[in-house]
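Peer 1: For the sequence shown, the numbering used here assigns the number 1 to the initial residue and increments by one for each residue that follows. A virtual CB, placed ideally from N, CA and C, is assigned to each residue, including glycine. Being a predicted model, the structure only gives us computed values, none of them experimental.
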Amino acid sequence: MRLFLTIYVLVIVATVSILGFRGSLTEKEPVEVFNDMDRQAKYKPQAENSFYANGQNDRLPPKLTVSRGNALEIKDVFSTEFTSSTSSEELVLSGKDANGEFSDYFPYPVDFELMQYGQESYNIFCMTCHGAAGDGNGVTKQYGILATSYHDDRLRDAPDGYIYDVITNGKGLMYGLKDRLSNEQRWAIVLYLRALQRSQSAPLESLSTTEKSELGL
């Protein structure tokens, strides 16, 4: 009996010791069984480091290094001998021609894959505000946040480069997407937007007999 009471008391004391003070505030450091990587042997950005001559942790990239990501955004990445028969670097990056005017030339080959890529990107980054049809009837409209309709004559007549520039740098309350989308992805969205515009304003004579029949026309 005495042994049982001793064990019973020890269990009670252990239980209170472990669970009885949960949630209590203390200035003492907790007892760590696993530190969950709270303290790591690493070099922190902008911190001092006596190992290097300049006393800094931060290191400059090695010479001729190209950063990972959208390398086309970086000037002088490619050889000076690099040329393209379909586009120039300035056009791809800014949507403007050599004279600084927005260009109506599309710098990528148009195919189904690029159109599909544009649709996927549009649905992720644009549809919430501009709507599935590009008419400005997105989810945000319910909360008083109005977005432009791409079916306005002003945007139907706008050069492709202008649409690309707005996607890249933003306009009004719209933020730019250049840090989220690659060049090809932005141009793919331009292509898909043109398809959306076409879908809402295509003349009847542009449809084949089969297409008219399917639409009941």
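#1: State the start and end residues of the unbroken alpha helix (DSSP H) segment that holds M115.
#2: Just grab the DSSP bridge partners of Y175 for me.
#3: Could you tell me which residues DSSP pairs with K42 in its beta bridges?
#4: Cα separation between L60 and Q185?
#5: Quick one: what's K96 bridged to in DSSP?
#6: Mapping the DSSP letters down to three states, classify E90 as helix, strand or coil.
#7: With 16 as the cutoff for other CB atoms within 10 Å, does N183 come out buried or exposed?
#8: Quick check on the DSSP output: the alpha helix (DSSP H) that includes S199 runs from which residue to which?
#9: Since Y218 contacts W187 with CB under 8 Å, what's their CB separation in whole angstroms?
#10: Taking 8 Å as the cut-off, decide whether the C-beta atoms of D160 and G95 are in contact.
#11: Could you have a look at E224 and say whether DSSP puts it in helix, strand or coil?
#12: Taking Q56 as the reference, which of M127, E48, F106 has the closest Cα?
Peer 2: On the basis of the coordinates in this document:
#1: That run of the alpha helix (DSSP H) goes 112 to 125.
#2: DSSP lists G170 as the beta-bridge partner residues of Y175.
#3: Beta-bridge partners assigned by DSSP to K42: none are found.
#4: When rounded, the distance between both Cα atoms is 30 Å.
#5: DSSP lists F102 as partners of K96.
#6: Helix.
#7: Counting Cβ neighbours within 10 Å, N183 comes out buried, since at least 16 surround it.
#8: Boundaries of the alpha helix (DSSP H) around S199: 183 to 201.
#9: Nothing in the structure corresponds to residue 218, since the chain is present only between 1 and 217.
#10: For D160 and G95, yes; Cβs fall inside 8 Å.
#11: With the chain running from 1 to 217 in the structure shown, residue 224 is simply not present.
#12: Of the candidates M127, E48, F106, the one whose C-alpha sits nearest the C-alpha of Q56 is E48.
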